[in-house]
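The working numbering runs 873 ahead of the 1-based position in the sequence shown.
Glycine is no exception: its CB is placed at the ideal position from the N, C-alpha and C atoms.
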Amino acid sequence: MQVGFIGAGKMGTGMVRNLLRAGHQVRVYNRTREKAEALRGDGAQVAASPAEAARTAEAVFTILSDDHAVSEVVLGENGLASALEKGAAHLSGSTISVALARRLQEEHARRGQILLGANVFGRPEAAEKKQLIVVTAGDGA
874 MQVGFIGAGK MGTGMVRNLL RAGHQVRVYN RTREKAEALR GDGAQVAASP
924 AEAARTAEAV FTILSDDHAV SEVVLGENGL ASALEKGAAH LSGSTISVAL
974 ARRLQEEHAR RGQILLGANV FGRPEAAEKK QLIVVTAGDG A
């Protein structure tokens, strides 16, 4: 499966490594490029923008810090929504406001894309050990 992953921080790094170990092709974007580059040795492709991470992906995960980061990465210039294919899914593992969640849902629906809330339970050590619990919800779940 072709997966986009945006947010290669402490939690995202372990998640990306496990996706790669499972045989998925992962294209990673991080606003601090060095964090994404650190995953190249594990087999990840590094994207220059959120749109590039989303292009051709069946699913894109976002694990970001706040509303501003999510809004910028999803809806901003070269945002993932601009490149995610119709029928592909955005799995949002970020803690965001209800207002932004509604805005994302409306934008993805307008483009024929799927938005899934993907609540992640666990710490970075659990991510490395494949011990996270992820609860997804949304129209496509």
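- Message: Tell me the DSSP secondary structure of T1009 in three-state form.
- Response: strand
- Task: To the nearest angstrom, report how far apart L964 and G914 are at their CA atoms.
- Result: 25 Å
- Query: Rounded to a whole number of angstroms, what is the C-alpha to C-alpha distance between R890 and V971?
  - Reply: 30 Å
- Message: Please state the DSSP three-state secondary structure of T935.
- Response: strand
- Using DSSP with H/G/I as helix, E/B as strand and the rest coil, what is G914? helix
- Message: To the nearest angstrom, how far is the alpha carbon of E998 from that of D940?
- Response: 25 Å
- Message: Can you look up S922 in the DSSP assignment and give me helix, strand or coil?
- Response: coil
- Message: Tell me the rounded alpha-carbon separation between A926 and N992.
- Response: 21 Å
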